[in-house]
Structures are given as structure tokens and as C-alpha cells.
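Participant: Each residue of the sequence shown is one higher than the last, beginning at 1 in full-length UniProt numbering.
A virtual CB, placed ideally from N, CA and C, is assigned to each residue, including glycine.
I am attaching a structure below and will ask some questions about it afterwards.
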Amino acid sequence: MTGQWSFAVLTIVVSTASGLLIAATSRWWIADDDHAAVVTASRHHRPVLLVASGSLIAAAAALLHPALSPASLSPTALPGGLDLVLLPLLLGTAAAATPFLLVVDVLVHRLPDRLLLPLIAVDAVVLVLGTQLGHRGIWVPALVSAVAAAALLGLLHLVGRLLHARTLGLGDVKLAVVVGAVAGAHSPWALAAVFVVMMLIASAAALLAAWRRRALAGTVIAFGPAMLSGMWLGSMGARFLL
Numbered sequence: 001m002t003g004q005w006s007f008a009v010l011t012i013v014v015s016t017a018s019g020l021l022i023a024a025t026s027r028w029w030i031a032d033d034d035h036a037a038v039v040t041a042s043r044h045h046r047p048v049l050l051v052a053s054g055s056l057i058a059a060a061a062a063l064l065h066p067a068l069s070p071a072s073l074s075p076t077a078l079p080g081g082l083d084l085v086l087l088p089l090l091l092g093t094a095a096a097a098t099p100f101l102l103v104v105d106v107l108v109h110r111l112p113d114r115l116l117l118p119l120i121a122v123d124a125v126v127l128v129l130g131t132q133l134g135h136r137g138i139w140v141p142a143l144v145s146a147v148a149a150a151a152l153l154g155l156l157h158l159v160g161r162l163l164h165a166r167t168l169g170l171g172d173v174k175l176a177v178v179v180g181a182v183a184g185a186h187s188p189w190a191l192a193a194v195f196v197v198m199m200l201i202a203s204a205a206a207l208l209a210a211w212r213r214r215a216l217a218g219t220v221i222a223f224g225p226a227m228l229s230g231m232w233l234g235s236m237g238a239r240f241l242l
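Dropping the structure here:
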């Protein structure tokens, strides 16, 4: 039990430290002066609040993770010492980045590579170490979910390009790696719940945007917020729903 609660504390610490780093380097990872000006001038860009929000997400994700309730896991998925270090890295960094990615995507419809790619790199290292040295019952589903999510959204992006239709951006495809990894680390079936929640949120956002414009045609929304919200709500709720 001590190790499990240490996992929760470590997840919050990783998120807070990562959030502070993200906040301090925002102009660098936004990597566009015009976009940076829009973001930093917005009332939604409050670094302290964004860091705190990430820490709260991390706390919720850790406390609701099956690692703190071993009875909900199969014997082959019980976390060990390495898992209780790798999981905080996976969840903590994703939680820290979530508020910043959400705000930037809403404001400028962009998910910056300089924030996404390091996040994906962390996830890749964690997944490789986890599948090789950790409990495969946790990390194999996480790896499969990450690949499946990226493949599905990549296919949707490609179809949209071929049809010359407005569709998911490459940033959304890259974010899918993180979404899938976080979902799979919660449950082998969590990705299904994540996609359902994601689509419900995106549909509601699109309808709201269309209502405000008084026109459905030509309505465009940022898909990142729906992905990020769906990632956490679906992942944390999967153990109760599936």
C-alpha cells in the first residue's frame, strides 16, 4: 500500500515539475511569434492555474488508477516497483501538458510539435521499458492502444486529405499516441471508452459552434480538447463502465 500511495505522490510531483517547465518555455514550444502573442494575451493563459490544473488531473488519474486498487487488476497486471515509477512518468507528463495543449489548440487551432514530440518520446521510452522490464499486463495493452489510436486517426487524416475535406490535423494524429498510451495503461479496453467520450464531446462542441454561427456548414472546431478530455474521462471511467 505504501508503494501504491508513493505512486500517487510521484505522479503529482512529475506533473507539477513538468508543468512548471512547460510554463517557463511556452514561447519556445509554441514556436510562432504571432501564435505566442495570441496565447499569452488571452485571459485563458494563466500559467499558475494551468500548472495547478495539470497537477489536479494527475492526482485524479493516480488515485483512480487500478494500481491503487489491485483487486480490480488481473494477477498478470499487478504493478511492481518499476511500474510504479514508469506509470507516474506516463501519467504525470500527459497531465502536465493537457491544460497547455488544450488552451493553445482552442486559441490558435494548433498542437505544437515542440511540446508533442518530447511527450511522445517520453511515452515511447516508458512503453519500451515497461514491455521489456515491467508487467506486460499493463504495458502491452498501453503499447497496442497507442499504435491503434495513432493508426486510426492517421487513416482518418489520410482519407480527409484524399477527399480534400477538412479533417483531423497531423497534430491530432501525434496526440493520439499519447491518448492511446494513457488509455491502455488504465485498461486494455479503455481506448473504446475514450473514443466514445471523445466523439460525444467533439459533437457537442461542433453543435455549439454551429449554433453560435447560426450555420452548420463551414463550422470548424479544434479536436485536441475533445481528445484530451476524452483521454482522461474515458481512461478514469473505464474501470467503472467496462
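1) Within the continuous alpha helix (DSSP H) that includes L233, where are the two ends?
2) Pick from A150, A238, K174: whose alpha carbon is nearest that of A193?
3) Return helix, strand or coil for A41, following the three-state DSSP convention.
4) Enumerate in chain order the residues of its own chain whose CB-to-CB distance from V179 is below 6 Å, with the five nearest sequence positions on each side excluded.
5) Helix, strand or coil for P75, going by three-state DSSP, please let me know.
6) With DSSP collapsed to three states, give me the class of A151.
7) Between A61, S203, A176, A52, which lies nearest to I120 when the distance is taken from Cα to Cα?
8) Give me, in chain order, the residues of the same chain whose beta-carbon lies closer than 8 Å to that of T40; leave out the 5 immediate sequence neighbours on both sides.
9) Inspect the CB distances between the stretch 47–62 and the stretch 149–169 and report whether three or more fall short of 8 Å.
10) Only counting the same chain, and skipping five residues up and downstream in sequence, which positions put a Cβ closer than 7 Å to that of H45?
11) Would you list, in sequence order, the uninterrupted alpha helix (DSSP H) runs of no fewer than 4 residues that lie entirely inside the UniProt domain "Prepilin type IV endopeptidase peptidase" (101–202)?
12) In angstroms, rounded to a whole number, what distance separates the CA positions of L89 and L155?
13) Tell me which residues share the same chain as P75 and place their Cβ nearer than 7 Å to its Cβ, disregarding the 5 neighbours each side in the sequence.
14) Decide if H186 is buried, meaning its Cβ has at least 16 other Cβ atoms within 10 Å, or exposed.
15) Within the chosen definition, does the stretch 91–103 reach the stretch 118–135 through at least 3 CB pairs nearer than 8 Å?
16) Alpha carbon to alpha carbon, what distance is there between P66 and M236?
17) Taking buried to mean at least 16 other C-beta atoms within 10 Å of its own C-beta, is L241 buried or exposed?
18) So, helix, strand or coil for V9, using DSSP?
19) Going by DSSP in three states, H65 sits in which element: helix, strand or coil?
20) What is the DSSP secondary structure of D83, reduced to helix, strand or coil?
21) Please classify A97: is it buried, with 16 or more other beta-carbons within 10 angstroms of its beta-carbon, or exposed?
Facilitator: On the basis of the coordinates in this document:
1) Here the alpha helix (DSSP H) through L233 covers 224–241.
2) The shortest C-alpha separation from A193 is found at A238.
3) Note: A41 maps to helix in three-state DSSP.
4) Only A149, M227, M231 meet the Cβ criterion.
5) For P75, the predicted structure reports a pLDDT of 48, less than 50, and the residue's modelled location is therefore unreliable. A value from the coordinates is still provided. Looking at P75 - three-state DSSP - the assignment turns out to be helix.
6) Reduced to three states, the DSSP call for A151 is helix.
7) Considering only alpha carbons, the answer is A176.
8) Within the same chain, and ignoring the five residues on either side of T40 in sequence, the residues whose Cβ sits closer than 8 Å to its Cβ are S26, R27.
9) No contact exists between the stretch 47–62 and the stretch 149–169.
10) Around H45: V39, V103.
11) Listed in chain order, they are 113–133, 136–162, 170–186.
12) Between the C-alpha atoms of L89 and L155 there is a straight-line separation of about 29 Å.
13) At P75 the pLDDT is 48, less than 50, meaning the model places this residue with poor confidence; the figure from the coordinates comes in the next sentence. Excluding residues within five positions, none has a Cβ falling inside 7 Å.
14) Burial state of H186 is buried, judged by a 10 Å Cβ sphere holding 16 or more other Cβ atoms.
15) They touch, by the three-pair rule.
16) Straight-line Cα distance between these residues: approximately 9 Å.
17) The residue in question, L241, is exposed, as its Cβ has fewer than 16 Cβ neighbours within 10 Å.
18) For V9, the three-state secondary structure derived from DSSP is helix.
19) The DSSP-derived three-state label of H65 is coil.
20) In the three-state reduction of the DSSP assignment, D83 falls in the helix class, which pools H, G and I.
21) With 16 or more other Cβ atoms within 10 Å, it is buried.
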